[in-house]
Amino acid sequence: MNVQTMKKRGQFAEVWGRLRKNKLAMISLSVLLLICMAAIFADLIANYNNIVIKQNGAERLMAPCAQHWFGTDEFGRDIFARIIHGARMALLMGFGATIISVAAGLILACVASYFGGVVDMVIMRVMDVLNSVPALVISLAICSGLGAGTWQLIVALSVAGIPIHTRMIRSNALGVMGNEYIEAAKSQGASTASVIFSHMVPNIASIIIIQITSTVATNILMGATLSFIGLGVKPPRPEWGLMLSSGTDYMLKNPHMVIFPGIAIILTALSVNTFGDCLRDAFDPKLKGKA
Amino acid sequence: MAKYIIKRIILMPVTLLLAALFIFMMVSISKTDPVLNMLPQEYTQEQYDALEHELGLDQPMLVQYVKWIGHAFTGDFGTSYSTRNSVWNEIGFRIPTSAVLSLVTTVLIVIIGTVLGILCAVHQYSWIDNVINVFSKMLSAIPNFWIAMIFMLVFAMKMRVFPMFGTGTVLHWVLPVITLALPGLAGHVRITRSSMLDCIRQDYIRTARSKGEKESVVIYREALKNAMMPLITMTGNRFAMTIGSAVVVERVFALPGLGTKVLDAINAMDVPVILACTTVLCAIYIVVMLIVDLAYMFVDPRVKGRFVKAKKNKVAA
Amino acid sequence: MKSLQKLIVIILTVAMLIVCLAGTALAVEGEPEGLQEGTLIRVVTGDDYVTPVAFMSSSNNWLNFHIYDTLFTYVDGDWNNIRGALARDWAWAEDGMSIVLNLVENATFVSGRPVTADAVKRCFEYTAQYYPSYFDKIESIEATGDYELTITFNAPYADFTSKFAISFMSIVDPDALDEFGDNSLEGAVGSGPYYIADYVSGEKMVLKANTNYWDPEKYPHIETIEVLAINDDNTAMMSLITGDIDYYEPANLDQVDNLEMYDEVYVIDGPKSNYCVWLNGTSATCPALADQRVREAISHLINWDEVNLIVYGGDAETLTSPWHKGCTVDVDEGTIYYDPDKALALLEEAGVKPEDITLNTITAPSTVKFDTAVAGQLTTYGINVNINEYDIGGAMANGAQGNWDIWENGAAFTQAAPSFGFGTMIAQSGAMRTFMLDPEDPAAIKVQELYEQANQAITIDEMNEYYKQCTSEIVKAYAFIGGLFKPNWGAFTNRLQGTYIENGYRYAIFFDAYIAE
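Residue numbers (this note's numbering), protein chains in the order written: chain A, 1344 to 1634; chain B, -1 to 315; chain C, 59 to 575.
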C-alpha cells in the first residue's frame, strides 16, 4: 500500500463524512437505494409472467384501488408491478450503459494519455468524430442498424456516452501523468498496466464518480425517450418510457396511466441528479458556503 | 489566427465524412433486406439480382460508402426506398424547419439561461436562487416528451390558446420551442450559476471590489468575461442535446422537420433517407460547433494571446 | 282605377309570398347543390397516403377511390353484386372465354383527354406490370371501337368483373404515364371526382374537386380536401376535438370513448373487417409448426373473448372462418375454440414443450395492440413470441415473403369474394403458396387441386363452390387459427356532414360530404 492510495482512502472517508451531514444527499441516496431494492427484488414483489405481462381483459383500465395500487393498464396488467419491474429496466439502462461507457472511456483515455503520440492522436480523432454526432442521432443510427430491443438500446446509449467520458478522463489523466510518482514508478520498472491501474485511476476516481452520476440521469431519460418513439424496449416488457407512450392514448380519461410512470422517471432522474450535485459539493469543499 | 481558422474550416468536412462513415457502418449492419421490400409480390431471382445491382447493394460496404459520398457532394442523396422519389425532394424542405427550431431554442436557452444564472449567482441563497434552483432540478429530470404531452393537453386542447400541430404562424412555434427549451434551460442556468460563482470567488474580483469599483461593473465586466468561456463551450453541447430532443418534439407536434422524417425512415428501413437525415443533422451541428469554437477563441484571452503574441514576434523578426 | 290597384296589390302579395316560400326552401339545411367552397382536413396517422403514389399502391385505396374510376364497381359493398362504372354494360361470350365492354362516352381525364377504349387498353399495359396475377388469364385486350373493348381469356375468368372493380384496377391516363412515368404524382392523372392539386412529400396532399366529373352520382360537393400525415395518435385525437382537423380514423376503442365525451365531434361505426391469424407451416425458424397437432394446440390456447375484451371492449366477434362474415364462402368447421387443456395434451402428444416454441410475428402500427393481445394469450402458457414492428409496406412485403411464424393478415381476406384472397395469396411464388402448408402435406395437395379446379370454373357460383371446399381444408388443417371480426370507426367534427363509410373499403367516402355551417 503506497502513500498515494492511503491518501485516497482518507479522502473518500472525508467525502463520505461530508455527505452524511448533508440532508439532501441522504434523502436522494435513500430514494436511489429504494429504487435499487425494488429493481433487485422485483421478482419477489411481483412475478413477471403472472402479473407483469399477463393480460386480463376484465380488469382493464381500473383506477388505483386496494387491489391494484396504481391501477391497471389497457391490457389489464397491474401498473404497480410494471413500475417495479420497470425500475430494473431503468437502472439497467442508467447504470449499465453508463458503466460500460465509463469503463470504455477509462481504458481509452488511460491508453491515450499513457502512450501519447500517434495512439493519442488517433483515439482523440475518433472521439472527436463521435462527438460531432449528437447523442440521439448516434442512438438512432445504432437502433436502425441493430433494430429495437433491450440490449440494442444499451449498446446505443453506451456508444453515445463514450466520447464524453474519454475526453473528460483524458484531460484529467494528462494532469496526473506529469506527477513525479508516475516517473518514479516507471523508473522502478513497474509494468504499464500496474502504473495505469494503481496510480492513475485512484487519482481520477473522484472525477469518474461525478461523471457517472450525471450520465446515469441522462441515460435514463434518453432510454425513456427512445422507448417512447418505439426504438427502445419492445412490448410487452415494462419500461417507463414505453408505458408513457402507450398511456397517452388513454390520458384523457385514465390519467393514472401516465402519472405513475412519469413520476417514476422524474423521481429517479431527480434523485440521481441531486445525489450527483451533493457528491460534487462533497468532493470540493470550496463550493460550499459564501465566497 | 487566420491559419487556425482555416485549419478548422478544412477539418470540418473531414469530420463530417468520418461521422457519415460511422453512421453508414451502423446502418449497414441491419438485417432487413431493402431489395425484398421493393420487389413486387411475385419475383424471380433475376429480378432480385437486377434490382440489387441497380441499387448498388451488391458491392462491398466501403465501395457503397465512397459512391454515396461522391453523389452527396453533388447534392444527390439517392432515391428513397419507400417513395422512389429523390431523397433531396423528401428532406430538403424539412431542413429549415429543424434548423430554425434547434437554433431558436438554443439562442433562447443561452440568453435566458445566462441572465437567470447570473441572477442566481449574484443573489446566492436568496429566495430567487432557491426557487430557480428547485425548478431547474425538476425540469432536468422530466423527459421532454412528457412536457410536450402536458403542454399540448393544457394549452392547445383545454385552453385552445395555441394551435395543435404544424407550422404556419408564429403561434404554431411557441409550444414546440418552449417544450424543447425548458430542460435545456434548467441545465444552462445551473452551469452559469456555478461558473459565475467560481469566478466571483476569485482573487481578482476581491481586488476589483477593494479598488472601489461599482458592484455591477465588477460582476459584468470582470466575472462575466471569465465565466463566459466554459459557457460558450457548453453552448455547443447544449445545441447537440437540443437537436436530439427536437426529434421527439417534432413528432409530437407534427412539425415537418428532419426528426419526423428520420423516425419514419427508420420504421420503414429506408436507408438513403436515414443516411441523409442523420448526415444533415450532423452537418448542422458541426457548422454550429465551428462557429462556437471560433467565438470561444475570440473570447478566451489565453487562446487569443497565443496568436497575437506569435504575430508580434513575426513582426519583430 | 280601383280594380287596377287591387290587381297590383294582389300580384305584389302573391309575388312576396312566392319569394318568402322560395327563401324558406333555400334556407332549409341539406345537401347543397353544386360546389362548396371550403377546405376539409382529413388526417391519417402514418405517411402512407401522402407519399408519391407508386402506381396505384394497394395501401392507398382511399386516394385511388377518389381520384380514379374503375371499369366496374359494386353495390353496397357486396363484391358479388357488380354494377358498371366506366364500363356502361358488357356481354360475356357463351363459352366464357371473352367479354365485350361498352364504355361510357362522356368520361374525361383531368388532363382533358377522353377515356377511350384505347386509353383503357394502354393503361392496363402498365397495370399488368404491377399486378400480374390479375392478368394471368387474359389473352389479349383490344380496342374494337372508340368506346368498345374486347377482352379474350386463355382460361375461364369467372370473377373478372369483381376483380376489376377493385381500386387498383383503376384507369389512369396513359399519356400522363408515358410522359411522367408510373411512379410520380404528376403521372397520377385520373377521371375521378377529385384530382391531386398539390402535395408535400410525407406531410400533406391537397385534392381539388373535378368540376368536369362525368358521373352525377359521385359528383363532389367540397371543393378542397387536404390530407395530412400526423404520426402521433394522441395528437390526431386532440386535434379533432379542437377542430384543427375534420376527420380521422380512431385506432382503438379507448380513443372512441374519449371522443364521445365531446359534443364537437361524432363517431360512426363502420363495417367490420377481418383480422385473421395464420400460422406458417413451412417456417424455417419454427419447424414445430409443420406438425398439425402443434398448430391446433396453438389455436386452442387463444381465448378470443379475452382478446376481444382487451382490444375492442367486447365489440368484435370471433372469427371461425378466414372469410368475411356473411360472404358466400363462410365456412365454419367448428375448429376454433378455447381449450387450453386439450392444447397442452396435444403438445405433449407431439412431443413439443411450450417453452421450446418461439414464434416471430410481423406487425404494423395499426395492429400492434391486437398482436400484443394475441401474443399475451400465448405467453401465458410459456410460448415465446417476438413482435417485429414494421411500417405497413414493410409488413406486407415481409408477410408475402414468409418471414413469419404467426401473422395477422386481414388485408387479403376482407373482401366478401374469396377469389381475392386466394388470388393474392395462393398465386404467389414461394412462401405463400398453399397457405403456408408443407407442399407434401395431404391437406396442401388437396387445397392446390381444388384451387386449380376453381380457376377453371366458368361461373362465379361454381368457383365459390370450389373455394368453399378449399377453405374447409385450410380451416381443418389449422393454417388459420382464428381471429376477430373487428369494428372500425370514423370520427368527424360536426361541420363535416354527409360522409358515410363505404362497406367495401371501410373508410369515409367524401363524394356526398358537405360542410355544414
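Backbone N, C-alpha and C fix where the C-beta goes; we use that ideal spot for every residue, glycine too.
Could you check which residue in the options has the C-alpha nearest to that of residue i?
i: Met287 of chain B; options: B:Val12, B:Pro270 and B:Thr231; result: B:Thr231
i: Ala458 of chain C; options: C:Asp256, C:Leu311, C:Gln94 and C:Met494; result: C:Met494
i: Cys1379 of chain A; options: A:Gly1429, A:Leu1451 and A:Ile1450; result: A:Gly1429
i: Pro32 of chain B; options: B:Ala266, B:Ala293, B:Ala274 and B:Ile67; result: B:Ala266
i: Ile1555 of chain A; options: A:Ile1512, A:Ile1442 and A:Ala1452; result: A:Ile1442
i: Pro94 of chain B; options: B:Glu248, B:Tyr79, B:Pro11 and B:Ala154; result: B:Glu248
Let's test the definition: count the other Cβ atoms within 10 Å of the Cβ of residue i and tell me whether it reaches 16, buried, or not, exposed.
i: Val64 of chain B; result: exposed
i: Val132 of chain B; result: exposed
i: Gln1410 of chain A; result: exposed
i: Asp399 of chain C; result: exposed
i: Ala308 of chain B; result: Note that Ala308 of chain B scores a pLDDT of 47, beneath 50, so its modelled location is shaky; the value from the coordinates is reported in the next line. Looking at its Cβ environment, which holds fewer than 16 other Cβ atoms inside 10 Å, Ala308 of chain B is exposed.
i: Met157 of chain B; result: exposed
i: Phe143 of chain B; result: buried
i: Thr557 of chain C; result: buried
i: Ser1482 of chain A; result: buried
i: Thr472 of chain C; result: Note that Thr472 of chain C scores a pLDDT of 48, beneath 50, so its modelled location is shaky and nothing firm can be said.
i: Tyr283 of chain B; result: buried
For residue i, return the contacting residues in chain B, with the cut-off set at a CB-CB distance below 7 Å.
i: Gln435 of chain C; result: What Gln435 of chain C touches in chain B: nothing, since even the nearest Cβ is about 26 Å away.
i: Ile299 of chain C; result: Met155
Identify whether residue i lies in helix, strand or coil by the three-state DSSP scheme.
i: Val1480 of chain A; result: helix
i: Asn332 of chain C; result: strand
i: Ser198 of chain C; result: strand
i: Arg171 of chain C; result: coil
i: Ala294 of chain C; result: helix
i: Asn546 of chain C; result: strand
i: Lys209 of chain B; result: coil
i: Ala80 of chain C; result: Here the model assigns Ala80 of chain C a pLDDT of 46, short of 50, so the residue's position is not dependable, and the following value carries that caveat. Ala80 of chain C falls in the helix class under three-state DSSP.
i: Ala1356 of chain A; result: helix
i: Arg204 of chain B; result: helix
i: Tyr306 of chain C; result: strand
i: Val387 of chain C; result: coil
i: Arg100 of chain C; result: strand
i: Gly1460 of chain A; result: helix
i: Lys411 of chain C; result: coil
i: Met162 of chain B; result: coil
i: Met1594 of chain A; result: coil
i: Trp86 of chain B; result: helix
i: Ala149 of chain C; result: strand
By the criterion of Cβ-Cβ separation under 9 Å, what are the contact partners of residue i in chain A?
i: Cys280 of chain B; result: Ser1475, Val1476, Pro1477 and Val1480
i: Ile368 of chain C; result: Gln1398, Asn1399, Gly1400, Arg1403, Glu1417, Phe1418 and Gly1419
Can you list the residues of chain A that residue i reaches, using a CB-CB cut of under 7 Å?
i: Leu261 of chain B; result: Ile1572
Could you check whether the Cβ of residue i sits closer than 7 Å to any heavy atom belonging to the ligand NAP?
i: Asn522 of chain C; result: As presented, the structure is devoid of all ligands, the ligand NAP included, so that no description of it is given.
In chain C, what lies closer than 7 Å to residue i by C-beta?
i: Arg1580 of chain A; result: Here the premise fails: no neighbours, minimum Cβ distance about 10 Å.
Please list the partners that residue i has in chain C, where partner means a Cβ-to-Cβ separation under 8 Å.
i: Phe163 of chain B; result: Ile288, Thr293, Ser297 and Asp302
i: Pro254 of chain B; result: Val258, Gly260 and Glu261
i: Glu88 of chain B; result: Ser259 and Gly260
Using a C-beta to C-beta distance shorter than 9 Å, which residues of chain B count as neighbours of residue i?
i: Gly245 of chain C; result: Those do not exist, as Gly245 of chain C stays about 12 Å from chain B at its closest Cβ, beyond 9 Å.
What residues of chain C sit near residue i, judged by a beta carbon separation below 9 Å?
i: Met1652 of chain A; result: In this structure chain A extends from 1344 to 1634, so residue 1652 of chain A is not present and cannot be described.
Three or more beta-carbon pairs under 8 Å between the stretch 167 to 179 of chain B and the stretch 144 to 151 of chain B, yes or no?
Short answer: they touch.
Counting Cβ pairs, one atom from each stretch, are 3 or more of them under 8 Å apart for the stretch 1475 to 1483 of chain A and the stretch 10 to 20 of chain B?
yes
Does the stretch 435 to 452 of chain C come within contact of the stretch 372 to 387 of chain C, defined as at least 3 CB pairs closer than 8 Å?
no
Inspect the CB distances between the stretch 324 to 337 of chain C and the stretch 543 to 558 of chain C and report whether three or more fall short of 8 Å.
yes
Within 8 Å, do at least three Cβ pairs link the stretch 1419 to 1426 of chain A to the stretch 1394 to 1408 of chain A?
Verdict: yes, contact present.
Per the contact definition of three or more C-beta pairs closer than 8 Å, is the stretch 269 to 279 of chain B in contact with the stretch 1578 to 1588 of chain A?
no
Count the CB pairs spanning the stretch 137 to 147 of chain C and the stretch 185 to 204 of chain C that are closer than 8 Å, and state whether there are at least three.
no
Could you check whether the stretch 1553 to 1560 of chain A touches the stretch 1433 to 1442 of chain A, counting it as contact only if at least three pairs of C-beta atoms, one from each stretch, sit closer than 8 Å?
yes
With contact counted as at least three CB pairs below 8 Å, one residue from each stretch, are the stretch 223 to 230 of chain B and the stretch 56 to 73 of chain B in contact?
no
Is it a yes or a no for the stretch 282 to 291 of chain C touching the stretch 93 to 103 of chain C, going by three-plus beta-carbon pairs under 8 Å?
yes
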